[in-house]
Structure formats: C-alpha cells, structure tokens
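Student: Numbering (full-length UniProt numbering), first residue to last: 1 to 629.
What follows is a structure written as structure tokens; I'll ask about it next.
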Amino acid sequence: MSAPAKENLQFQTEVNQLLHLMIHSLYSNKEIFLRELISNAADACDKLRFEAIGNDSLYENDSDLRVEVEFDSTAHTITIRDNGIGMNRDEVVSNIGTIARSGTKDFLQKLTGDQKKDAHLIGQFGVGFYSAFIVADKVTLTTRRAGVPKDQGVRWESDAQSGYSLETVTKETRGTEIILHLKEEEQGLANDWRLRSIIRKYSDHIPLPVKMLKTAEEEGQTSTEWEVINKANALWRRSKNEIKDEEYQEFYKHISHDWEDALAWSHNRVEGNLEYTSLLYLPSRAPFDLYEQKQQHGIKLYVQRVFIMDDAEHLMPRYLRFVRGVIDSSDLPLNVSREILQSNKIIDSMKSGSVKKVLGLLETMAKDEPEQYQKFWKEFGRVLKEGPGEDFSNREQIAKLLRFASTQTDSADQTVSLEDYISRMKEGQEKIYYITADSHTAAKNSPHLEIFRKKGIEVLLLSDRVDEWLTNSLHEFAGKQLQSVAKGALDLSKLDSEADKEEQKKVEEQSKNLINQIKDTLKDKVEDVRVSHRLTSSPSCIVLNEHDMALYMQHLLKQAGHEMPSTKPVLEVNPNHPLLARMEAETDDERFAEWASVLLDQAILAEGGQLEDPAGFVHRLNKLMLAMG
C-alpha cells in the first residue's frame, strides 16, 4: 500500500528537546551550519559512488558528482543541493524525523542549561542536519533516491515548532535539495562573498567540487556559470608539508561530524609491496555511543580515492573504536565487499600498520605531552583497557599506555603507569600489586591494603568495570607478575624482617584452636579459615582463589541474568583484633556461631559482595550488640 500523498507528523519527544536546544542554546560560531550540510551532501555522493560500482544505472546519465550552493537575497534563502544517493520516504522519516541514536536520552540528561557547555555536548552527539535551525526558521528538504521513479520524490518541511510535513512529489533529478528560510537576524548570510568565504574556510578539503553560480560580463552580455569554490581534492593524498593544521582540523570535523578539534592525528603514506595512505585522528572527547554494542567504527575506507564504506570495522580493533579517519588503498579492487574484507591479507596488513601508528601516536603524546595524554586518558582510558585482552601482539605496548590510581596518589585520577610503579618498587618486591573494586573509595578503604600501607608498598587501585577483564588478560609487565592483594595466598616473606616472621609463627600457633573452631562453625560457607598476614586493624577479610571473579562483579553479572559458578571463599581473620579475642573467650556455642557468621558477612560486604540473608545478618548483629550491653 502506498504512502499518502501528504501527511503532517510530530517529532519524537527527543527531537523536540534537541531542536529547542539548537534554537535557544546557539553555537558561538553559527557559520558551521553550512559545513555540516555540505558534509552530509558529500557523504551522500560518496554513498552513491559506492552503490554505483555494482549498478552503473544509478548515475542516471549524470556521473559528475557535486554539491551546489545558491542563495536568494530577496527571498532570504540559502539552498544546498547534491546529486548523491538521495532518500526514499522511509529513509527521510528515519534519518530526519527521528533520531535513531541509543545515546539520545543520556545526551539530553547531561544538558546543563549552560550554553557553552551544552554546545560541547551537542558536538559530541553530532546532530549535523539539525544545525540548519540555528539560522533558519523553516527548512524545506526535497529528495529522491537514485534509481526510483521521478514521481516518487519526497518533500519534508518543518518550522521546528509544529512537527513536520511529508509530501510525495515529482523530482526530475536524484539527490537532495535543502532550502533554508533564514531568520530575520540571519538574512545577511544570503550573500555571495559571505558564502564563498564560509565554504573556503570550512569545506575546502572535501574531495568533490562545491559550486556556486558566478556572474560574468562579456561584450555587454551577462551570463552565469557554476564555479568550483573549494580545492576539491583528497586532503589525505596531499603532502603533509603543504597541509596546515587548520585544514587537518576541518577535515576531521567533516569525516567525524564532531564540532570540536581533534586532539592529535597521524598522516602516513606506505609504499612498497603494499601501498596505502592513512589519516587517523584522536578525538578530544568521547562520543555518546562509545560503549554501545552497535557503535559505528570511525574509519572510512577508500580505494584509489573512491569511497567504499564508512563502517569498515575490520580496519581498526574494538579497543581503538574511538579513532576517526580515512584509509585509501591502491591495492584493493574497487568492488571490494564486506565479505572480502573478512579474509583479506591486504586489509590485515593495513589494520596492523594503522594500529601501530595509533599506538605510536599515543606513546609520543604520553612521553612529550603528558597533560594532553591525561585528557585523552580521561575520555578513552576505559576503552584502551580492553586492548590487552583483544590484541595479544601489541599487549606490552598497550600496557605501557595504561594509567591507574594508586595508594601513592591523593585522588581518584588515573595517572600512574606500570613503569612508574616498577620504578618505585621496594627492594625485594617482585610483584605489581593491585586491587579491584566497584568504586575508588571501596578500593582505597579495603582491609586488604592494611599490611601494604604498614610496609609502604604501593598498590594500584582499580575501580573501572573493565579492570577485571584487564587483569585476567594482563598477567605480567616487564617481567613482573601482576598480583591481586585480594586473591590467593599472600607471601611478603622477602619483605619481612626476621622479627616479623617469628611474630607471625607465634600468632598462628596461639590461634590454632580459635581458627579450627571458626572453621568447624562455617564449614558449609567457606573453603578455609586461616590467620591473615594482610590485616592489621580489621578483624577479617574474604580472599578469593587466584582465578575467581571479584564479588562485586559476580553480583553484577547475576543481576544481568548470567549463571555464576558456585564457589566458596577463604576467610582470613586477624587474631590480634579485640573482636577475635572476644570470640575466643566465648563459652556459648550458639553465640560463638553468631559471631562467626557476622565475621564472615561483614567481610563479604567489605568486598562489595551480596549477602544471601541480609535480614539474618541484621538480626544477629542486633542480638549480639544487645547482649554486649
């Protein structure tokens, strides 16, 4: 059944909120609306070129791809037109009438009302088309998808206030035309010199012509002809020496639809058996969909300057999914498909080389610009931590780039590298010690750290969700084993004095009966009970086996519906603590059992675990406190 000829529809709630923000929290530089619309037009031409590789008829006898910009100073309009792939009715509704972005609500929740800060957020979200409403109070979009009949064009129109209208129209040419009806205060934009200046400033790098009409006087006759305004060549193919930083930044904004400058970039040409050019960027801020499973990879693949695809996930691993840029190959066939990409040695070589360029760029930044690197780490550190588990061949290089909080730093900021840690290791210390927890505060206050603080041994404080995955993948660095202070038996004997060792033996001998009594009482709940060599002020702590997952992670996975293997923890106790002395003096077996249960439950809570019977814990605790009173 065909769609009605014309219908009036309402925006999604999120779109209404976004449009309101666009109109009332304006960008400091309104001119970039034109950059966004021209970038979209260029992308549409790229997509047509790709689809036409296998279906030349899509060109409809017009293979001269271009973007045209016109203005009417009397009607106060600016028109941006392309002969790219165009859209059908469903695509218009999907791409224009809605925002199909999983991060939309998160984005809107983060808005502050501060125009400057909100502009930065808009930049991260990347809503290019809607920038039209910065300068226009009405936008008319007419489009027809390449290959469909001329009478199946679509006209979309909105004033950003009362929803939008959709109408089926006849459109002779494929592609999209957008007419901006300028606000009264923005009518000065409908000016030849102004538009040419904006195009040269923001869209000079786009690798296809952006044209405007030029009026010429010849022998008393006036004529108009289309004139190319931009350089219209592929920036990445030019020599690095002739490209200004401003050009690199504008090209980044074109391919990424980001509103902020890139943090850094790497531009390289590889020649020899394999020839390709790469231009790879590090963004300055994380996009909202960085942690989405369906987040699009940011590398555009070209073959001999012909755009092939913009979601080439095979060109960059998941842990570097924040990288934006282009890779242009001279060796791949023009009809390369996603299936071919999956098992192509050329793709594998380009991916390997590009990963090394990105990691090298990060190494240089970390060494020469540590403040810049900390900006990068704050935005993308959690993603980079996925690297050691994904990329075995570059594990050591990635590990050098990791940053952590530690007991040597005053804040939760992750600034300590593994090399920093090793340089501060105590004489006789052979391992890199760390602890994982669900927050920095929980890690910092863990009872497992007590003996390490007493001996002045640094411990890395890991509180990102990805850290459990990281430590399961990264077992050593520079020949030093990574050791959790909360898992397995703790052996600090090489750092203990003879007096310390004698004292430990004495405590273990004196506590044998108490330990055995606790073990008998809790035999169904714990794997073992032993004297702790890591506690100095707490009565007890849970110790997991070497390969067990932290209790807080087990709890999170259970909440998510995952089946977790049933394991029993080890309970370590501190016989020097007054509570243990109180238990040792207890003659009532029932009350001793209650003390033992409280001892175990509070140790589980301290580790971020979940009690099976929280009400029972509260009841026992209250009963014991009343008895003490």
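Heads up, the beta-carbon is just placed ideally off N, CA and C, and yes, glycines get one too.
Keep in mind the model is a prediction, meaning the values are calculated, not measured.
Under 8 Å: do the stretch 370–382 and the stretch 298–312 share three or more Cβ pairs, one atom per stretch?
Tutor: When C-beta atoms of the stretch 370–382 are compared with those of the stretch 298–312, fewer than three pairs fall below 8 Å, so the two segments do not count as touching.
Student: Is A41 closer than 9 Å to D90 when the C-beta atoms are compared?
Tutor: no
Student: According to DSSP, is V618 part of a helix, a strand, or is it coil?
Tutor: helix
Student: Suppose you measure from the CA of K357 to the CA of M365; what does that come to, to the nearest Å?
Tutor: 12 Å
Student: Residue range of the alpha helix (DSSP H) that G381 falls in?
Tutor: P370 to L384
Student: DSSP three-state call for N8: helix, strand or coil?
Tutor: strand
Student: Terminal residues of the continuous alpha helix (DSSP H) containing V92?
Tutor: R89 to V92
Student: If we ignore side chains and look at the alpha-carbon of each, how far apart do A437 and S354 end up?
Tutor: 34 Å
Student: Express the C-alpha separation of K231 and D204 in angstroms, rounding to a whole number.
Tutor: 5 Å
Student: At 4 residues or longer, what runs of the alpha helix (DSSP H) sit wholly inside the stretch 456–535?
Tutor: 467–473, 498–510 and 512–521
Student: Measure how close the beta-carbons of Y319 and V383 come, nearest whole angstrom, since I'm counting them as under 8 Å.
Tutor: Yes, Y319 and V383 are in contact; Cβ-Cβ is about 6 Å, under 8 Å.
Student: Could you name the residues of the same chain whose beta carbon sits closer than 8 Å to that of N394, not counting the 5 residues immediately before and after it, in chain order?
Tutor: V355, K356, L359 and G387
Student: How is T441 classed by DSSP in three states: helix, strand or coil?
Tutor: helix
Student: In terms of residue numbering, what span does the alpha helix (DSSP H) encompassing F50 cover?
Tutor: I32 to A52
Student: Which first and last residues belong to the alpha helix (DSSP H) in which D601 is found?
Tutor: It spans D589 to A606 - the alpha helix (DSSP H) in which D601 sits, taken as one unbroken run.
Student: Pull up the DSSP beta-bridge partners for M350, would you.
Tutor: None, per the DSSP bridge assignment.
Student: Helix, strand or coil for A100 per DSSP?
Tutor: Low confidence applies here, because A100 scores a pLDDT of 40, under 50, leaving its location unreliable; read the following figure in that light. DSSP places A100 in coil when its eight states are reduced to three.
Student: Measuring only the C-alpha atoms, how far is D368 from Q374?
Tutor: Approximately 12 Å, taken between the alpha carbons.
Student: Got a sec, what are the start and stop residues for the alpha helix (DSSP H) F307 sits in?
Tutor: Not the alpha helix (DSSP H): F307 falls in the beta strand (DSSP E), residues V306 to M309.
Student: By DSSP's criteria, E225 is part of a beta bridge. Which residues make up the other side?
Tutor: K214
Student: Taking all protein chains shown into account, decide if T176 is buried (16 or more other Cβ within 10 angstroms of its Cβ) or exposed.
Tutor: buried
Student: Checking 9 Å against the spacing of the C-beta atoms, do I85 and L48 come in under that value?
Tutor: yes
Student: Where do the N-terminal and C-terminal ends of the alpha helix (DSSP H) with F251 fall, by residue?
Tutor: D245 to S256
Student: Helix or strand or just coil, what does DSSP make of V573?
Tutor: strand
Student: Since I believe K426 is in contact with L495 (beta carbons under 8 Å), could you give me their beta-carbon distance rounded to a whole number of angstroms?
Tutor: Taking 8 Å as the upper bound for CB-CB distance, L495 and K426 are in contact here, some 6 Å apart.
Student: Report the rounded CA-to-CA distance for F592 versus A581, giving the unit in angstroms.
Tutor: 12 Å
Student: Verify whether the separation of the beta carbon atoms of L401 and E371 is less than 9 Å.
Tutor: Cβ atoms of L401 and E371: not closer than 9 Å.
Student: Indicate the three-state DSSP secondary structure (helix, strand or coil) for K171 in the structure shown.
Tutor: coil
Student: Does DSSP classify L121 as helix, strand or coil?
Tutor: With a pLDDT of 49 at L121, under the threshold of 50, the modelled position of that residue is not reliable, and the figure given next carries that caveat. Helix, per DSSP.
Student: State the start and end residues of the unbroken alpha helix (DSSP H) segment that holds K400.
Tutor: R395 to L401
Student: Confirm, please, whether the CB-CB distance from N574 to S597 is below 9 Å.
Tutor: Their beta carbons are not under 9 Å apart, which means S597 does not touch N574 by this criterion.
Student: What distance in whole Å lies between the Cβ atoms of F452 and T407, which are believed to be in contact at a cut-off of 8 Å?
Tutor: 7 Å
Student: Suppose you measure from the CA of W265 to the CA of S330; what does that come to, to the nearest Å?
Tutor: 22 Å
Student: Using a Cβ-Cβ cutoff of less than 8 Å, which residues in the same chain neighbour I422 once the five nearest sequence positions on both sides are dropped?
Tutor: I432, F477, A478 and K480.
Student: Under a CB-based cut-off of 9 Å, is T521 close to chain B?
Tutor: Among the protein chains of the structure shown there is no chain B, as only one such chain exists.
Student: Can you give me the start and stop residues for the beta strand (DSSP E) that I78 sits inside?
Tutor: T77 to D82
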